[in-house]
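Participant: Can you read through this structure? Questions will come right after.
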Amino acid sequence: HTLLPAPFKQLLKTSPPPPQTNLPSTTPPLHHSNTSTTLGLLDRSLLPFAFLLYTSTPSVTPSLPYIATPINIAHITGPHHQHLEVRSGSDTSTPLITYQRSSALDFTKPQIFVRSFDTSLDFTLATKYSAIAAPHKISDFFHSAKMSEQISNKETSTMDLTSQSSRAPGPFIEEDDTDVKTEIKTEENGHASPLFVPPASSKRKAEGEISPQAKRTIRSTATPIAYGGNPVKVYVLGKPYNHNRVEPLPDLEVNGVHHKESTDNFLENITQVVLPTLSPYRGEDRSLEDSVKWFEESARIPAIAPTRFALSGNSGSGKTTTLNNVAGVLDLANAAASMESVTQVPQIFNHGTQNEYFRVEILFINGRSISSLVMKCVKDLVDYVKLLSSDETEEDLEHARLSAEAGRQVIDDLFSHQDGLKSLDDAEGFLESKSLLPADSEDISETAFESLCKEIQDRAVSEGIDLDTRSMFLTAGNVGELHAKTMRFSERGAFASIVSSIRTKFYSPLLAMGIEVADLPGLTDTNLHLRKTSLAYSINCPKAIFVADLLRCMTTPDLEKSLRGIIKMKGAENVCLVLRGKENVEKTKSKWSKEEIAQIDALEKLSKTAQSQQAPTEVESIEREIRDYRIKVRDRIVTDHFHQKRFQNKNDAGKIRVITVANKCHEKYMRGSTDAILSWDQTGIKELRAYMCETPSRDRVRAFARHSAKCITKMRRLSIWADGPKMPPRDAALALFAQHARWSANGYLEKLFKASKDYCKTLQSFNHAVWAGNATKTIVGWSTKYAARTQGVFIRQGGRHNPKLKGSKEKKPKLVSWNEDLLTVVEDDVLTSVKSIFSVVKDNEGNMQETISDGIEKIRNGLEMLDTIGGANLDGVFELFNDEAKQCIRDIREGIFELKQKIRETVCKSIADEPCDVESPAFIIDMVAIYNASMKKFPKGSKNLTKERTKFIVEQVTSAKGPFSKMTDEICTNLKPVFDAWAFKATGRVEQMHRDLRDVLFKSFEGKKMPDARREQIAPAIKAAMEKARAVLQADLDGYSAEIL
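Here the sequence shown is numbered in UniProt numbering, starting from 1 and rising by one per residue.
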């Protein structure tokens, strides 16, 4: 008694010990039975009495006093407790489980094992078909980090719940030095739920019970759970802010009562009803064997692909600082305010394990791409050096200088070990030293260039980098070590130029929700290669978080231009605008409503009154209220501004999400500072985290609901098997299927191809009717806006230049693209005209659903006419057919949604403005060719040079075979593989449905078959179990909204 912790002493005072019993020296193996006294089929209603914990010390025998009261396992943290025992409430004489602290790691009984999940390190007691977990760590019992790690890394070969495949887990149990007195378990789905509270009855709609539909939107009334998995703790000002402890999970369906109950019921019914019922007979029948294997693989909460968010924005906009605050890790990535991006390569952050704090994978571009990059840099440097010796003006040299500067940065990085190339003034000397400066009429020496590439390869090898494998792995124990090991790959001065991306895994309950974040170089970086890398990688991210400065955000052309480009690419509903600087409040009342002005005037009047009364505390309170109200009104105005139609795509009703954040304030709270302007719950980071959880949370709920629907269908099949319907004559039924199960997407594919051609015709008619006039007006406008010499620079530079405009106070001229001016003329019409293709896609969707349903109905009618299926089982068979059809139609809809996204991406890619290379859109390539042709046809010194070049450009741009026509052809060409891929996938899904239906009727002809007498003997129990489990799962499934399914 004296050795027990305080909580146990209190329990001993209130609970007299029962009679002493002699405990066995070995632990009896757990086994499956029909009693409720074993862990395998424990009656959940007995849970409050089923688990009793016994403790003892080395100095006493196991039969001495123990605690016969249900208590929290987390209380047992003392190192002097040598073993644990779990006993049944109905039989306290024999322990079900005994864990000796000294030998727990070696416990290897075949039917019970201990495993620590790599995600949450939960302590789990499990049998083959069940798992009971508690919210604490292995280290709570063994007090050995090394031992905990061994358990965490231990592999288990037995198929069971704890060996499920990788998934996106839910909240995590986090280490805490404060005892948690709430009794909690963590199921295999990673959700926290009360351990000693019986689950909801499988009977639905009991009197006074809330319906599943209502439960979907009701949060649990229990203590809110933080991201880390424990109950939310009160934040203490002055301590480092940790969202894993003090910030509640977002109010989303995945965290709601209905979903948690549904996942609990799902796991319980599969592992404790379905599998225990079927497994004893798996070797007697092929159908049962296949079903058991299928349910063993399906006894899990399905994983989802993580949602990748691209952190986009102009250089120095605060993207990386926002990332650090959202992730809750100080200085996770290097950040600084600069016109040049601190982030030099795409850096992807996702969830890892606690075993290795940081695990980093460096991915390099392939050898061909390295060679192309270096050649482009060398050519730009050569062109610049040659122009320096010509009579070109400073403006003529500007574009060549910018291109050469980008190349210089790459060369300087790759040859920093040889003093690199610090200035363009040294470019000629560097090229000559490498024999890369050819004579006027010669090309760059291939031998010299190969030697240059060989130097890069040799440097990489000398530093332990194998460019042939294109990847390498690193680990780090803290942020400082992470930066030290990765800086040569992520910052200027080393290998960043040839790195494709850096992927960093670290333990994060937020990212474990199913989130990946890609921190990208700035869209306005001075390095052209970085800008293109950022844009190219952003295309692979379905979601975009665009970070910008709140100050003058509504009047900054660069911000609007970049933001509209992201919206055009992603769709407004997939873009979140994050404006930093929330704490900076201006006193203007511009765009305020009358009610808002009246409210702020009243508050200011109260402040003046308090000041006159010399009440400093009241003044401070009112001033704080005034500041908060100004922030509220300012945020409303900003949101209204970015919800205007120009920040939406045509025919797109979606609006971007706008969130204002106070990065500086939040960072101060993370550091434990108390001098932030805004309170810790006003920084906006919490709202941004919640936004990022929305899509993966929806995906998790949808994946589970659809997985549950498949399991319900499988249970229905087993019920039909148990009924033992007479099988139809094989030849007749096969002929029936052959007649009505023929299905092909070719007809729908032809409609899409025709729609694509009609789309092209629509654009071509636009080419003749509108494009020629608008393009001519745009090109003539260049002549009036820019001087003749500046126009020449634009033409020589492929339509891109940084002209110095009269009256401009900007130190660095902005990039202007003539190609973008022309694309702006057509992009709205190009995107709007796609609605004709979308209309056909919608028709296809409806027709496909009707065709699938009609096919099932015809098969059903044909089977009825055969009159070979037992009438008592007919409804069950046809219900199964309907289930299969619903699941197929659901997947077809999903495919249609993906098809629409691919169509939009394909069209947007063809109207994107970017520096020209071999992979650029056809419009850009043709425009550059026109510029070059104008220079060749009208060389320097020609009469009326600028006028003739402009006239030539207008003729070529507006011709029937000009860039607009090539863009149209490119879109149609690129849409064909998109349509083909969709048709292939849709055809495969319908064929899978038909195969599943055939299996129901013809499975008895394949493999081992159970004798009818034996089937009739066991069928009632199997059908009862399947119907019981199916009723529970179906009731839960009905509680989800239609859009989830």
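Think of the CB as a built atom: it goes at the ideal place given N, C-alpha and C, for glycine as much as any other residue.
Sorted by chain position, which residues of the same chain lie with C-beta nearer than 6 Å to residue 1041's C-beta, five sequence neighbours on each side aside?
Facilitator: What you label residue 1041 is simply residue 1041 of the sequence shown in a count that begins at 1. Nothing listed; no residue qualifies.
Participant: Check residue 231 in the structure and name its three-state DSSP category.
Facilitator: Along the sequence shown, read from residue 1 onward, the residue named residue 231 stands at position 231. In this structure, residue 231 counts as strand in the three-state DSSP scheme.
Participant: Does DSSP classify residue 1010 as helix, strand or coil?
Facilitator: Residue numbering aside, residue 1010 sits at position 1010 when the sequence shown is read from its first letter. Looking at residue 1010 - three-state DSSP - the assignment turns out to be coil, as it is neither helix nor strand.
Participant: Can you tell me which of the three DSSP states residue 543 falls into?
Facilitator: Mapped onto the sequence shown, residue 543 falls at position 543. Strand, per DSSP.
Participant: Measure the alpha-carbon distance for residue 327 versus residue 284 and round it to whole angstroms.
Facilitator: As a first step, residue 327 must be located in the sequence shown, where it is residue number 327. As a first step, residue 284 must be located in the sequence shown, where it is residue number 284. Rounded to the nearest angstrom, the two C-alpha atoms are 53 Å apart.
Participant: Within 10 Å of its beta-carbon, does residue 64 have 16 or more other beta-carbons around it, so buried, or fewer, so exposed?
Facilitator: In the sequence shown, the residue the question calls residue 64 occupies position 64. For residue 64, the predicted model reports a pLDDT of 31, less than 50, meaning its position is unreliable; a value from the coordinates is still stated below. Burial call: exposed.
Participant: Report all residues from its chain with a CB closer than 8 Å to the CB of residue 633; omit the five preceding and five following residues, and keep chain order.
Facilitator: Numbered from its first residue, the sequence shown carries residue 633 at position 633. Cβ neighbours of residue 633 beyond the five flanking positions: 592, 596 and 600.
Participant: Mark residue 803 as exposed unless 16 or more other C-beta atoms lie within 10 angstroms of its C-beta, in which case mark it buried.
Facilitator: As a working mapping, residue 803 is identified with position 803 in the sequence shown. By the neighbour-count rule (16 or more Cβ atoms within 10 Å), residue 803 is buried.
Participant: Along the alpha helix (DSSP H) that carries residue 717, what are the first and last residues, could you check?
Facilitator: As a working note, residue 717 is residue 717 in the sequence shown. From DSSP, the alpha helix (DSSP H) with residue 717 extends over 685 to 723.
Participant: By Cβ distance, which residues of its chain are closer than 8 Å to residue 401, with the 5 residues on each side in sequence left out?
Facilitator: Along the sequence shown, one-based indexing puts residue 401 at 401. 384 and 424.
Participant: Assuming contact is defined by CB atoms lying nearer than 9 Å, are residue 521 and residue 344 in contact in what I supplied?
Facilitator: Translated into positions along the sequence shown, residue 521 becomes position 521. Translated into positions along the sequence shown, residue 344 becomes position 344. Yes, the pair counts as a contact, with Cβ atoms nearer than the cut-off.
Participant: Can you check DSSP and say which residues form a bridge with residue 732?
Facilitator: Within the sequence shown, numbered from 1, the residue matching residue 732 stands at position 732. DSSP, once it has assigned bridges, lists no residue as partnering residue 732.
Participant: Near residue 656, which residues of its chain fall below 7 Å by C-beta distance, leaving aside the five closest residues on each side in sequence?
Facilitator: Walking along the sequence shown from the start, residue 656 turns up at place 656. So the qualifying residues of the chain are 567, 572, 575, 576, 577, 642 and 647.
Participant: Let me check understanding here. Comparing Cα to Cα, which of 227, 919, 241 and 460 lies closest to residue 681?
Facilitator: Taking the sequence shown and counting its residues from 1, the one referred to as residue 681 is at position 681. For residue 681, the nearest C-alpha among the options comes from 241.
Participant: From residue 1039 to residue 253, what distance separates their C-alpha atoms?
Facilitator: For the purposes of this step, residue 1039 is taken as the residue at position 1039 of the sequence shown. For the purposes of this step, residue 253 is taken as the residue at position 253 of the sequence shown. Between residue 1039 and residue 253, the C-alpha separation is close to 11 Å.
Participant: To the nearest angstrom, how far is it from the Cα of residue 437 to the Cα of residue 464?
Facilitator: Within the sequence shown, numbered from 1, the residue matching residue 437 stands at position 437. Within the sequence shown, numbered from 1, the residue matching residue 464 stands at position 464. Answer to the nearest angstrom: the Cα atoms are 31 Å apart.
Participant: I'd like to know if the stretch 984 to 1003 and the stretch 926 to 935 are in contact, where contact means that at least 3 CB-CB pairs between them fall below 8 Å.
Facilitator: The stretch 984 to 1003 vs the stretch 926 to 935: no contact.
Participant: Would residue 899 and residue 756 qualify as a contact pair, given that the criterion is a beta-carbon distance under 9 Å?
Facilitator: Working through the sequence shown from its first residue, we reach residue 899 at position 899. Working through the sequence shown from its first residue, we reach residue 756 at position 756. Contact flag unset, no.
Participant: Relative to the alpha-carbon of residue 620, which residue among 630, 612, 607 and 631 has its alpha-carbon at the smallest distance?
Facilitator: On the sequence shown, position 620 is the one that residue 620 refers to. Considering only alpha carbons, the answer is 607.
Participant: Since residue 909 and residue 978 are thought to touch, with beta carbons under 8 Å apart, how far apart are those beta carbons, to the nearest angstrom?
Facilitator: Position 909 of the sequence shown, counting from 1, holds the residue named residue 909. Position 978 of the sequence shown, counting from 1, holds the residue named residue 978. That belief does not hold up - the Cβ atoms of residue 909 and residue 978 are roughly 11 Å apart, past 8 Å.
Participant: Could you tell me the boundaries of the alpha helix (DSSP H) in which residue 428 lies?
Facilitator: Along the sequence shown, read from residue 1 onward, the residue named residue 428 stands at position 428. Residue 428 -> alpha helix (DSSP H) spans 427 to 433.
Participant: Can you tell me whether residue 105 is helix, strand or coil according to DSSP?
Facilitator: Locating residue 105 in the sequence shown gives position 105, where the first residue counts as 1. Because the pLDDT at residue 105 is just 32, under 50, the model does not fix this residue reliably, and the point stays unresolved.
Participant: Do residue 444 and residue 1049 count as a contact pair if the criterion is CB distance below 9 Å?
Facilitator: Residue coverage of the chain in this structure runs from 1 to 1045, which leaves residue 1049 outside it and unanswerable.
Participant: Assuming residue 416 and residue 496 form a contact by the criterion Cβ under 8 Å, report the distance between their Cβ atoms to the nearest whole angstrom.
Facilitator: On the sequence shown, residue 416 is found 416 positions in, with the first residue counted as 1. On the sequence shown, residue 496 is found 496 positions in, with the first residue counted as 1. Contact flag wrong, Cβ pair sits at about 11 Å.
Participant: Work out the CA separation of residue 1021 and residue 40 for me, nearest whole Å.
Facilitator: By 1-based counting over the sequence shown, the position of residue 40 is 40. By 1-based counting over the sequence shown, the position of residue 1021 is 1021. Unreliable positioning characterises residue 40 in this predicted model, as indicated by a pLDDT of 33, which lies under 50. The coordinate reading is nonetheless provided below. Residue 40 and residue 1021: Cα-Cα distance of roughly 18 Å.
Participant: For the stretch 734 to 752 against the stretch 962 to 970, are there 3 or more C-beta pairs whose distance is under 8 Å?
Facilitator: Cβ pair count under 8 Å is below three, so no.
Participant: Can you tell me where the beta strand (DSSP E) holding residue 657 begins and where it ends?
Facilitator: Position 657 of the sequence shown, counted from the start, is the residue given in the question as residue 657. Per DSSP, residue 657 belongs to the beta strand (DSSP E) from 657 to 661.
Participant: Among the candidates 474, 290, 919 and 729, whose CA atom is the shortest distance from the CA of residue 862?
Facilitator: The residue labelled residue 862 in the question sits at position 862 within the sequence shown. It is 729 whose Cα lies nearest to the Cα of residue 862.
Participant: Hey, which unbroken runs of the beta strand (DSSP E) at 3 residues or more fall wholly within the stretch 535 to 608?
Facilitator: DSSP runs (the beta strand (DSSP E)) wholly in the stretch 535 to 608: 543 to 549 and 575 to 580.
Participant: Which first and last residues belong to the beta strand (DSSP E) in which residue 472 is found?
Facilitator: As a working mapping, residue 472 is identified with position 472 in the sequence shown. It spans 471 to 476 - the beta strand (DSSP E) in which residue 472 sits, taken as one unbroken run.
Participant: Mind checking which residues open and close the beta strand (DSSP E) that includes residue 347?
Facilitator: Residue numbering aside, residue 347 sits at position 347 when the sequence shown is read from its first letter. Residues 347 to 351.
Participant: Could you tell me which of 333, 941 and 427 sits nearest to residue 491, measuring between CA atoms?
Facilitator: Indexing the sequence shown from 1 puts residue 491 at position 491. The shortest C-alpha separation from residue 491 is found at 333.
Participant: Keeping to the same chain, check which residues put their C-beta closer than 8 Å to that of residue 453; ignore five residues upstream and five downstream.
Facilitator: For this step, residue 453 is matched to residue 453 along the sequence shown. Closer than 8 Å at Cβ, skipping near neighbours: 370, 371 and 374.
Participant: Using only CA atoms, which one of 226, 269 and 523 lies nearest to residue 248?
Facilitator: By one-based count along the sequence shown, residue 248 stands at place 248. Considering only alpha carbons, the answer is 226.
Participant: Ignore the nearest five residues each way along the sequence and tell me which others in residue 851's own chain have a CB closer than 8 Å to its CB.
Facilitator: As a position in the sequence shown, residue 851 is number 851, starting the count at 1. Only 743 meet the Cβ criterion.
Participant: How big is the Cα-Cα spacing for residue 398 and residue 779?
Facilitator: Numbered from 1 along the sequence shown, position 398 holds the residue referred to as residue 398. Numbered from 1 along the sequence shown, position 779 holds the residue referred to as residue 779. About 22 Å.
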